[in-house]
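In this note's numbering, the protein residues as written are 96 to 586.
Data first, discussion second: the structure below is written as structure tokens.
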């Protein structure tokens, strides 16, 4: 099969291959590649695909793919690359009369503009006689020099040449940018990750997608954009209703998705009113469960079980049951993260169609996490586990697929650790008690800063403290610059 070179965006490295595999499944594209040849440090991957037309299908909704080129040659120098390209002259005739342009692309290094024409002219042996059109050519040919990520290396180590198949759909990141959205909340998922999750869930026309922790409805929008019908629910209806004219409804209008976003309902997913259908109801469940950091997870009930009513209560001076009053607010209690994840998986087992996917975020403490932390079920198969690291903690995008119908009895696999102890043998799950452990990191960081300031004062007095504060500010600016560079890469 022909070879193609995929260039990925230089971020979310662990998410690249899972999204690529999902795109191939969605578009029914047969492809092969050597996993050992792929590196998180390189944006390039060579794959075998049956045709350029099939390769183009991967780009229809790709978020992390920047470009795909039909690979004509690869070498360790320009000279070797030219020899490789010359081995297949049968590729050239169909492009002899088309308008075209050559583009010199570099990764991890630079080639001065004045040197690029000479490089392009070395490929004149292809004999293209069509018009050179730098704005709207019928064909674009790319010459790529890969320098790697080591800033001390100034010589490219790999060179590629090929015909451009097309670009991914990274412009969707800007379209769904939360800064441009009419209604957002403090837990709204950013556009890029929302779109990636929609791809991981295999969203498309004719599918029904559910978000049980819908919040402001970010996933409803991105999944609906790819053609799915979406519905969500949340125990707290305030975010669903929004404020004034800003709500999930206004976002539907903004993106012209009113016909696909069916509704957002208010109820506790642990007591969901969904009717059970043989074979499952939902084609995908896409969600970001609350971690308890910006918004705490809640479920119906009372924290103090001795105060839990065992039968309906009458409202004082009303003569009716309290829960029937329009202003009744049911009691809620904290919902521990490990319980959230376990209940979510069991809900997916019961309500997904076979082949349906569960895509959710799992927050973990880095030093405690192991693959055994994930709850399991015989009906569900792990497809992808991608980490987004934040230092001492991270969150993982878990993708699971339902591979068998539920027998109505089998429950989840038993947890591997002792949830009441913090020892390493048996270990606790990396996401157990996540909220308390997350805020403990902040306490430790503040204590470290106070210690450093105290030591700076002892050594240099007020000037020492000022120097220490400047160091803090410089570190903060550096982190902000890194974030800005990532944002620029997204755009």
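Using N, Cα and C, we set each Cβ at its ideal position, and we do this for glycine too.
At the C-beta level, residue 481 and residue 492 come within 8 angstroms of one another. Sequence-distant partners of residue 162 (beyond 5 residues in either direction) whose C-beta falls short of 8 angstroms from its own C-beta, in its chain, are 101, 102, 237, 259, 260, 261, 262 and 263. Under a 10 Å Cβ-count criterion, residue 207 is classified as exposed, with fewer than 16 other Cβ atoms of the shown protein chains found around its own Cβ. Put simply, the backbone Cα of residue 294 is about 36 angstroms away from that of residue 183.
Between residue 488 and the set 346, 461, 210 and 428, the nearest pair of CA atoms involves 461. When secondary structure is reduced to three states using DSSP, residue 161 falls in the strand class. Ranked by how close their Cα comes to the Cα of residue 170, the residues 211, 241, 382 and 193 have 241 in first place.
Our two residues, residue 383 and residue 217, have alpha carbons roughly 52 angstroms apart in a direct line. Below 8 angstroms, too few C-beta pairs join the region 360 to 377 and the region 278 to 290 to call them touching: fewer than three. Per the DSSP secondary-structure output, residue 242 pairs with nothing in a beta bridge. The continuous beta strand (DSSP E) containing residue 380 extends over residues 377 to 382.
CA-CA distance, residue 323 to residue 167, rounds to 38 angstroms. Put simply, of 225, 337 and 232 the residue whose alpha carbon is nearest the alpha carbon of residue 278 is 337. Per the coordinates, the alpha-carbon of residue 155 lies some 13 angstroms from the alpha-carbon of residue 123.
Judged by pairs of C-beta atoms under 8 angstroms, the region 295 to 314 touches the region 442 to 455, as three or more such pairs exist. Short of 7 angstroms from the beta carbon of residue 280, and not among the five residues preceding or following it, lie these beta carbons of its own chain, in chain order: 310, 311 and 334.
Within the DSSP bridge table, the entry for residue 327 names 306 and 359 as partners. When the alpha-carbon of residue 472 is set against those of 443, 456, 479 and 484, the nearest one is in 443. In the structure shown, residue 173 falls within a helical segment according to DSSP collapsed to helix, strand and coil. In this structure residue 378 does not touch residue 445 by the C-beta definition: roughly 14 angstroms separates them, more than the 8 angstroms allowed.
Residue 261 is bridged by DSSP to 163. For residue 489, the three-state secondary structure derived from DSSP is strand.
At least 8 angstroms separates the beta-carbon of residue 316 from that of residue 386. Per the Cβ contact rule, the region 142 to 149 is in contact with the region 118 to 132 (3 or more Cβ pairs under 8 angstroms). Cβ-Cβ separation between residue 504 and residue 476: approximately 19 angstroms, too far for a contact (criterion under 8 angstroms).
Under the DSSP definition of a beta bridge, residue 427 partners with 395. In this structure, residue 478 lies away from residue 457, with their beta-carbon atoms at least 8 angstroms apart.
Judged by DSSP in its simplified three-state form, residue 214 adopts helix. Non-local beta-carbon contacts of residue 138 in its own chain, meaning distances under 6 angstroms to residues more than five positions away in sequence, involve 102, 103 and 105 in chain order. The beta carbons of residue 214 and residue 200 sit about 11 angstroms from each other, so the pair does not count as a contact at 8 angstroms. One alpha carbon belongs to residue 566, the other to residue 485, and they sit about 21 angstroms apart. Comparing alpha carbon positions, the residue from 346, 225 and 327 closest to residue 274 is 346. Look at the region 418 to 485 and you find these whole runs of beta strand (DSSP E), each 3 residues long or longer: 427 to 429, 447 to 460 and 475 to 484. Nearest in C-alpha terms to residue 283, of all of 306, 299 and 465, is 306.
Contact annotation, residue 196 with residue 229: C-beta distance approximately 5 angstroms; criterion of less than 8 angstroms satisfied. Between residue 220 and residue 181, the CB-CB gap stays under 8 angstroms.
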